[in-house]
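Trainee: What follows is a structure written as structure tokens; I'll ask about it next.
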Amino acid sequence: MLRAPQNLQSHNRYSYALNNPLSYTDPSGFFNIGKFFKKVFKGIGSFLKGLSKFVFSRQGLAILVSVALMAATGGLASLGVAALQGMNLGSLALSGAIAGAAGGAISTGSLKGAIFGAVSGAIAGYIGEAGIGNLSGFELDAARGGILSFTEGAIAEAQGGDFRTGFFSAAFASIAGAQAGKLLPANDIAAQLIGRSVVGGTASVIGGGKFANGAYSAAFNYVVERGAVSGSPSVGARGATASSGSTDGTPGMGHNGGPPMDGLSGIIELVKIFTNLTPIKAFFAVLFTPSNLGVDTFYTPEGIGQIETYLTEIDGMSFRPNEQMLNRIKSGEMSIPDQNFYIHEIYESNLYYGGMKDVAVAHLRTLEHQGIPYNSTFQLQLYHPSVIRANIGSFNPAAERVILGLE
Amino acid sequence: MENISLDEWVNSLINRNIYWKSGSIQVTGERFKHLGGMTERASATILFKVYEKFEIIFPGEFTQEEVLFSKSFIFGVLDSLTLCDRVRFGGMSIIVENISIDPICSTVRAFRFAGRDAGNKIADYINKLRNYELP
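Same order as they appear, the protein sequences are chains A and B.
Going by the working numbering, 383 is the number at position 383 of the first sequence; the sequence numbering is gapless.
Going by the working numbering, 98 is the number at position 98 of the second sequence; the sequence numbering is gapless.
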């Protein structure tokens, strides 16, 4: 058996390591170790060389800054959901500014682009929440399109292009893209892909670019959007939505008549998707969330009202620990049992009002949904220790012993 | 009852005349109630009889937890019988025959409610008795 037929030295059965013992070793007789590692190290060297060249280039630095800003944006984007219920508009403008700066830096690779993006993102974030909060349907799409168009126009200007081309290209992409996305069957991937590609390509032509670039960009955006976990990127951070252009089926920023979408753009898109993944957003939400933010966001007056109605209906609110837990929630306590209790009662009451009148079954189904093991100490997950301590005798003795430090 | 003093009421609780001179009744008290964050579940069977003094008997083989819940159950029985003026506390015997404990849903409070259920059943039985039916 010849291990390397193309090498004539391999045909000599009596030679060792291709007759080159100074370069190679061959302990098994089947494999030249020196050659193997030479290839491995050569590959690693090429990779590092390319990486360092990219990182220290102007564009590479812009990307690194953008990734950092995108990470922060991901956190703010998750807070954006909360913002709809309580955050002030200044925070939205800040969120928009950061997102805009990130988008601008990615798009232009310059400080100028980042500043343009920040200003337009801040305006978009502010206007987005203040102005279109009550809109819906086509009016909402049109308003979003207007905001996106303004941002894209500003970015195009920063890129050295024409404001009007960027504006009209983005306007068409946003409004037509949103309508196409709605008119086409949501689950028909092929139809959505073709429809959005046509819109993206047309928008690209309007912006002075190639149809194929815009179509490819829109199709790529659609594919990665479908792959995203949470589905609705940056609800509250309208600035991020406007400048990234990855929602509503609109082509991504910088591709409307801009440079063709290459591997780099793909990486940027993936970074954006990554920062929108639920665990990542949750991480940054924890990082950025003030301790009392949950009072306005996690609990809602409607939710508390629903729990109160439900508990009154099933027991007349006679169980004092329930009343005490509800009072804790009303005062904004956010410990794990407080949150668990709130979620539990909301979910269980939804099952009850949805037709599951056997509340004990609804209770078990809810625990299962919450991932709380049904055992002798499960009540520790739903009732705060202070509530259990104040009502000894009302809980499973095993749980009470834990609270009293007897176990 | 409102016309007597509290001292007289306490005294009557122990010494009041009763119509039911002898006999016994076996009752089961139950509690099964969902309360939102948890469910209460408890059940016990007792033998209630007229006796010469106040007496409570737990089976000797009861565990510590069974005794704890049984006591709570008995307090529940007495809660209800306090309002039944045909029962004299100084002349009754309660024997706990059986107790059913749910490892997750049973609580001291649940057994108190189960005991009240049993006490109400005893009171209903006694209140339905007519004088000529008394043993």
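Built from N, CA and C at the ideal position, the CB exists for glycine as well.
Hey, does R109 of chain B have any beta-carbon neighbour from chain A nearer than 8 Å?
Mentor: yes
Trainee: Counting along the chain, where does the beta strand (DSSP E) carrying S43 of chain B start and finish?
Mentor: T39 to V50
Trainee: Candidates B:S12, B:G36, B:L78 and B:N11: which alpha carbon is nearest F314 of chain A's?
Mentor: The question names Phe, yet the displayed sequence has Ile at residue 314 of chain A. Of the candidates B:S12, B:G36, B:L78 and B:N11, the one whose C-alpha sits nearest the C-alpha of I314 of chain A is B:G36.
Trainee: State yes or no: is the beta carbon of K128 of chain B nearer than 8 Å to at least one beta carbon in chain A?
Mentor: no
Trainee: Give me the Cβ distance between V87 of chain B and I46 of chain B, rounded to the nearest whole Å; I'm assuming they're in contact under 8 Å.
Mentor: The pair is not a contact, with the Cβ atoms about 14 Å apart (cut-off 8 Å).
Trainee: Do S331 of chain A and I104 of chain B come within 8 Å of each other at the CB atom, strictly closer than that value?
Mentor: No, these two residues do not count as a Cβ contact at 8 Å.
Trainee: Whose CA, out of A:M334, A:L183 and A:S204, lies closest to the CA of G195 of chain A?
Mentor: A:L183
Trainee: Applying the criterion that 16 or more other CB atoms from any shown protein chain within 10 Å of the CB defines a buried residue, is L326 of chain A buried or exposed?
Mentor: buried
Trainee: Any C-beta of chain B sitting closer than 8 Å to the C-beta of G305 of chain A?
Mentor: No, G305 of chain A lies away from the interface with chain B (no Cβ there is under 8 Å from its Cβ).
Trainee: Counting C-beta neighbours from all protein chains within 10 Å, is the total for G254 of chain A 16 or more, i.e. buried, or is it exposed?
Mentor: With a pLDDT of only 34 at G254 of chain A, under the threshold of 50, the placement of this residue in the model should not be trusted; the figure read from the coordinates follows. Under this definition G254 of chain A is a buried residue.
Trainee: With distance defined between alpha-carbon atoms, name the residue in B:R31, B:Q26 and B:N120 nearest to D85 of chain B.
Mentor: B:N120
Trainee: Under 8 Å between C-beta atoms, does A390 of chain A make it to chain B?
Mentor: no
Trainee: So who's on the other strand from T309 of chain A, going by DSSP bridges?
Mentor: Note: T309 of chain A sits in no beta bridge, so no partner.
Trainee: Could you confirm whether any beta carbon from chain B is found closer than 8 Å to the beta carbon of G354 of chain A?
Mentor: Under the Cβ criterion of 8 Å, G354 of chain A is not counted among the residues facing chain B.
Trainee: Does any C-beta atom of chain A lie closer than 8 Å to the C-beta of R35 of chain B?
Mentor: The amino acid occupying residue 35 of chain B in the given sequence is Leu; Arg does not appear at that position. So yes, L35 of chain B belongs to the interface.
Trainee: Nearest chain B C-beta to P409 of chain A closer than 8 Å, yes or no?
Mentor: Not covered by the structure: residue 409 of chain A. The range shown for chain A is 1 to 407.
Trainee: Comparing C-alpha positions only, which one of A:A399, A:I304 and A:H11 sits nearest to N350 of chain A?
Mentor: Among A:A399, A:I304 and A:H11, the Cα nearest to that of N350 of chain A belongs to A:I304.
Trainee: Mind checking A360 of chain A: buried by the 16 CB within 10 Å criterion, or exposed?
Mentor: exposed
Trainee: By DSSP, does N98 of chain B sit in helix, in strand, or in coil?
Mentor: Reduced to three states, the DSSP call for N98 of chain B is strand.
Trainee: Only counting the same chain, and skipping five residues up and downstream in sequence, which positions put a Cβ closer than 8 Å to that of E55 of chain B?
Mentor: M92, S93 and I94
Trainee: Tell me the rounded alpha-carbon separation between Q339 of chain A and E345 of chain A.
Mentor: 10 Å
Trainee: Verify the CB distance criterion: does M92 of chain B have a CB-CB separation below 8 Å to chain A?
Mentor: no
Trainee: Among the candidates A:G200, A:E308 and A:F298, whose CA atom is the shortest distance from the CA of E323 of chain A?
Mentor: A:E308
Trainee: What residue ranges within the region 317-399 of chain A form continuous alpha helix (DSSP H) runs of no fewer than 4 residues, ordered along the chain?
Mentor: 320-330, 336-353, 359-370, 379-382 and 385-390
Trainee: Is S386 of chain A closer than 8 Å to P321 of chain A when the C-beta atoms are compared?
Mentor: no
Trainee: Could you name the residues that DSSP lists as bridge partners for V27 of chain B?
Mentor: Partner(s): B:I46.
Trainee: Of the residues that make up the region 361-378 of chain A, which ones have a beta carbon closer than 8 Å to any beta carbon in chain B?
Mentor: H363, Y374, N375, S376 and F378
Trainee: Residues of chain A with a CB under 9 Å from the CB of I4 of chain B: which are they?
Mentor: Here the premise fails: no neighbours, minimum Cβ distance about 30 Å.
Trainee: Quick check on the burial criterion: 16 or more other C-beta atoms within 10 angstroms. Buried or exposed for E368 of chain A?
Mentor: Exposed, because fewer than 16 other Cβ atoms sit within 10 Å of the Cβ of E368 of chain A.
Trainee: What does the alpha-carbon distance come out to for the pair M70 of chain A and F378 of chain A?
Mentor: Below a pLDDT of 50, predicted positions are generally treated as unreliable, and M70 of chain A, at 43, falls in that range; no measurement from the model is reported.
Trainee: Could you tell me which residues DSSP pairs with E33 of chain B in its beta bridges?
Mentor: Glu is not the amino acid found at residue 33 of chain B; the sequence shown has Lys there. Partner(s): B:E40.
Trainee: Suppose you measure from the CA of A44 of chain B to the CA of S5 of chain B; what does that come to, to the nearest Å?
Mentor: 35 Å
Trainee: Helix, strand or coil, according to DSSP, for E55 of chain B in the structure here?
Mentor: Here DSSP, grouped into helix, strand and coil, assigns E55 of chain B to strand.
Trainee: Rounded to the nearest angstrom, what separates T312 of chain A and M38 of chain B at their Cα positions?
Mentor: Rounded to the nearest whole angstrom, the CA to CA distance from T312 of chain A to M38 of chain B is 15 Å.
Trainee: Taking Cβ-Cβ distances shorter than 7 Å, what residues in chain B pair up with I314 of chain A?
Mentor: H34 and G36
Trainee: Considering A118 of chain B, what are the terminal residues of the alpha helix (DSSP H) in which it resides?
Mentor: V108 to K128
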